[in-house]
Amino acid sequence: MKLLKKLIAVLAMVPAVVLASETVALDQAPSRTKDLAALQNGAKLFVNYCLNCHAASAMRYNRLRDIGLTEDQIKNNLLFASDKVGDLMKVSMQPGDAKAWFGAVPPDLSVIARAKASEAGSGADYLYTYLRTFYKDDTRPTGWNNLVFPSVGMPHVLWELQGVRSAKFVEEKDPHDPSKMVHKFVGFEQVKPGKLSPLEYDNATADLVAYLEWMAEPVQNTRKRLGVVVLLFLGVFLVLSWRLNASYWKDIK
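Numbering-wise, the working numbering comes out as the position in the sequence shown, counting from 1, plus 99.
This is the structure:
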């Protein structure tokens, strides 16, 4: 019975998630999963800004060696929430405290880049747009809101880098129901500058998203290379089979 109730609750949330993702068109995230420098910077941003609340319990710190980091670099620069390089990326915050502070337990980010994929765009597109569309909203408990995920419970953890922005909306008639008025987003206004310029912030966000995309499947580049090799082998095998078949049947008319 409890399992059925949980299933109903999850299904009830699906329309809300779909509506949230359709609020604004998703921007295409730069493809940087093969750029080791970008992945390393993304890992640094993830550990410093995300790993305080969000865990990545399917990822071990020593897996970061795959993006060119040594164990000493991991220990000295990224190992803040654990003592061993072989440990999982977990957080010390208890679920009860998280629910009391944020209203819900922050989701695990191990495969978030795959989980957020939809017909609107890839998971990387969703995250890239989401992290760049926070704006100041004093009506929200955290003081922040988001275009991609309206009424989001997560605060803007990267605000020091991006600065503080307000969003401009205008009222217009709902195209589906002219009797109703809706708020249409028209742009952002920079209220307080951040440590980074808008271009630098977009680049930092792209690096962070690239790391999240890589973390969701660390062997994805190997898988793609192996796929190309297999297809080439099958192509050569197809030609050999075709010519061998022709050789067998050449004397039969």
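In this text, a Cβ means the ideal position worked out from N, Cα and C, and glycines have one as well.
Note that this is a predicted model, so its numbers are computed, not measured.
Residue i - partner residues in DSSP beta bridges
i: A155; result: M188
i: E288; result: S265
i: G326; result: Looking at the DSSP assignment, G326 forms no beta bridge with any residue, so it has no partner.
i: E270; result: H282
i: S217; result: G220
i: D276; result: D273
Extent of the continuous beta strand (DSSP E) to which residue i belongs
i: Y356; result: There is no way to answer for residue 356, as the model of the chain reaches only from 100 to 352.
Beta-carbon gap between residue i and residue j smaller than 8 Å
i: V247; j: V123; result: yes
i: L150; j: A197; result: no
i: A157; j: V210; result: yes
i: E371; j: H255; result: There is no way to answer for residue 371, as the model of the chain reaches only from 100 to 352.
i: I166; j: L208; result: no
i: R266; j: F284; result: This sequence places Ala at residue 266; Arg is not what is there. Cβ atoms of A266 and F284: closer than 8 Å.
i: A203; j: G252; result: yes
i: Y168; j: Q139; result: Per the sequence shown, the amino acid found at residue 168 is Leu instead of Tyr. Yes, Cβ-Cβ distance for L168 and Q139 is below 8 Å.
i: L298; j: L257; result: no
i: P206; j: H153; result: yes
i: K215; j: Y227; result: no
Assumed close pair residue i, residue j - CB separation to whole angstroms, cut-off 8 Å
i: G293; j: Q261; result: 5 Å
i: Y300; j: G141; result: Not confirmed; about 14 Å, so no contact.
i: L125; j: R159; result: Between R159 and L125 the Cβ distance is about 31 Å, and since that is not below 8 Å, they are no contact.
i: M314; j: A155; result: 6 Å
i: N320; j: K133; result: 6 Å
i: R162; j: P317; result: 6 Å
i: F145; j: L307; result: 6 Å
i: K143; j: N175; result: Actually they are not in contact, since the Cβ atoms of K143 and N175 sit about 12 Å apart, beyond 8 Å.
Residue range of the unbroken alpha helix (DSSP H) whose run includes residue i
i: W243; result: Taken as a continuous stretch (DSSP letters only), W243 belongs to no alpha helix (DSSP H), being part of the beta strand (DSSP E) at W243 to N245.
i: V256; result: Neither: V256 is in no alpha helix (DSSP H) and is coded neither H nor E.
i: V204; result: Unbroken run through V204: none, as it is neither H nor E.
i: A124; result: First-last for A124: undefined, no H or E at that position.
i: A136; result: L135 to L144
i: Y310; result: P297 to A315
i: Q172; result: E170 to N176
CB contact below 8 Å: residue i versus chain D
i: W348; result: In summary, chain D is missing from the structure at hand, where a single protein chain is found.
Beta-carbon contacts of residue i that lie in its chain and below 8 Å, excluding the five residues immediately before and after
i: K279; result: K272 and D273
i: G43; result: Lying before the first or after the last residue shown, residue 43 is absent from the chain, which here runs from 100 to 352.
Close beta carbons around residue i, own chain, < 7 Å, minus the five adjacent residues each side
i: T232; result: V123, N245, L246 and V247
Chain-order list of residues whose beta-carbon lies under 6 Å from that of residue i (same chain, five-residue window excluded)
i: V263; result: K235, V290 and K291
i: L201; result: Rather than Leu, the amino acid found at residue 201 in this sequence is Phe. Within the same chain, F201 has close Cβ partners G252.
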